[in-house]
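Student:
Residue numbers (the numbering used here): 1 to 199.
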């Protein structure tokens, strides 16, 4: 008689709190990028919470799980999740900026039209007292500050073909969106959001 082929031993899976916590932590990390462009402070909090939950629960699995196959399985899950996050991050960041622009569409349109109307280059914060030197009247300055109040835009830079709106920044890092108002095609380093908006 021919011997029956042996089937691979199945992994006995018992979904415990630490496994649920790991999955929640991973999903929190991935979804945190939906806040990257529209609210960087919230993004920082969410991703930190996700990393804390995922890391602590994974370490508990490694040290408390007795089944080696289960340890390897959850290690594989973490590796796959890192790859998934890497693949989805650009799309989620783009969506976050798109949400930001849509949320403040009217205000951004008004500000952009005002700034485009001036020929000079700009590098100013909304609260700066130097707007008059760049050709803005006091009513226009009041309008700009009113429109920018809800957007959290803290710096504006304009050159001959684009306007940069900084939504978050430190001394060496800046997040924000670019509006290209000239006919010049943006360089490859800029990623398209929609219409004339890039990041």
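Cβ coordinates follow ideal geometry from the N, Cα and C atoms, glycine included.
Rounded to whole angstroms, what is the Cα-Cα separation between residue 201 and residue 25?
Tutor: Nothing can be reported for residue 201, as the shown portion of the chain is limited to 1 through 199.
Student: Which residue's Cα is closest to the Cα of residue 58: 47, 45, 44, 73?
Tutor: 73
Student: Thinking C-beta only, is residue 37 closer than 8 Å to residue 199?
Tutor: It is a contact, given that the beta carbons lie within the stated cut-off.
Student: Does the region 84–91 come close enough to the region 113–126 that 3 or more CB-CB pairs lie under 8 Å?
Tutor: no
Student: I'd like the list of long-range same chain contacts for residue 42, defined as Cβ closer than 6 Å, with 5 residues on each side in sequence excluded.
Tutor: 35
Student: Please list, in chain order, all residues of the same chain as residue 50 whose beta carbon is under 7 Å from its beta carbon, the five residues on each side excluded.
Tutor: By the criterion of a C-beta distance shorter than 7 Å, residue 50 is surrounded in its chain by 25, 28, 29, 32, once the five residues flanking it on both sides are discounted.
Student: From the DSSP output, which residues share a beta bridge with residue 131?
Tutor: In DSSP, residue 131 forms no bridge with anything.
Student: Beta carbon of residue 200, beta carbon of residue 162: below 8 Å?
Tutor: No information on residue 200 is available, as it lies outside the stretch 1 to 199 that the chain covers here.
Student: To the nearest angstrom, how far is the alpha carbon of residue 155 from that of residue 184?
Tutor: 23 Å
Student: What's the C-alpha gap between residue 77 and residue 70?
Tutor: 10 Å
Student: Quick check on the DSSP output: the beta strand (DSSP E) that includes residue 163 runs from which residue to which?
Tutor: 162–169
Student: To the nearest whole angstrom, what separates the beta carbons of residue 152 and residue 167, a pair I think is in contact under 8 Å?
Tutor: About 6 Å separates the beta carbon of residue 152 from that of residue 167, a gap short enough to meet the 8 Å contact definition.
Student: Using only alpha-carbon positions, find the residue among 46, 44, 64, 48 that is nearest to residue 18.
Tutor: Closest by C-alpha distance to residue 18, out of 46, 44, 64, 48, is 64.
Student: Taking just the CA atoms, how far does residue 116 sit from residue 47?
Tutor: 36 Å
Student: With DSSP collapsed to three states, give me the class of residue 7.
Tutor: Bear in mind that the predicted position of residue 7 carries a pLDDT of just 48, short of 50, making it unreliable; the figure below should be weighed with that in mind. Three-state DSSP puts residue 7 in coil, outside helix and strand.
Student: Straight-line CA distance for residue 109 to residue 101?
Tutor: Cα to Cα, residue 109 sits roughly 10 Å from residue 101.
Student: Look up residue 198 in the DSSP assignment and say whether it is helix, strand or coil.
Tutor: strand
Student: Among 67, 179, 81, which residue has its Cα nearest to the Cα of residue 98?
Tutor: 179
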